[in-house]
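At position 84 of the sequence shown (counting the first as 1) the number is 156 in this note's numbering, and the numbers step up by one without a gap.
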Amino acid sequence: MSEKYVSKSTSIAARLLGNEMMIMSAVDSTFFTLDEVATIIWQAADGQTPLSQIAGRICQEFDVHQQQAERDAEQFVEELSKHGILLISDSPGMNSKPMREE
């Protein structure tokens, strides 16, 4: 997997409820409820941390191999990027913050 860097769009609203993140796109009103694993990815999406390193955090928290965590994380960020919720880059430096996150 070539290295990817992920950041949050400025066109969203997000709120953490328990261990799950609720996210809504201001662009198309798409609403997502993220489970614990997806919430780890979301919270780490700072535009500076490589996706492989984020997957490593998932491996520390859950019983999953690095390669599987990386594949699943990449699939997840690709899906949210289609809705403009996450932004993907091949270099660090994207540090967008959500419009509203509580």
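Ideal placement from N, C-alpha and C gives every residue a C-beta, glycine not left out.
Whose C-beta lies closer than 7 Å to the C-beta of residue i among residues of the same chain, with five residues either side of it excluded?
i	result
S74	D162
T105	E92, M94
A116	I126, R129
Grab the span of the beta strand (DSSP E) containing residue i for me, first residue to last.
i	result
A110	Unbroken run through A110 is the alpha helix (DSSP H), 108-116; no beta strand (DSSP E).
E92	92-97
Can you tell me which of the options puts its alpha carbon nearest to the alpha carbon of residue i?
i	options	result
D160	Q140, Q139, W114	Going by the sequence as given, residue 160 is Ile instead of Asp. When each option's Cα is compared against that of I160, the closest is W114.
Taking 8 Å as the limit between beta carbons, can you name the residues of its chain near residue i, skipping five residues before and five after?
i	result
P122	E75, K76, Y77, P164
Return the chain-ordered list of same chain residues with a C-beta closer than 6 Å to the C-beta of residue i, the five sequence neighbours on each side being excluded.
i	result
L89	none
message: Count Cβ pairs between the stretch 139-156 and the stretch 97-115 that sit closer than 8 Å; are there 3 or more?
response: yes
field: Inter-stretch contact (C-beta, 8 Å, three-pair minimum) for the stretch 129-138 and the stretch 82-92
entry: no
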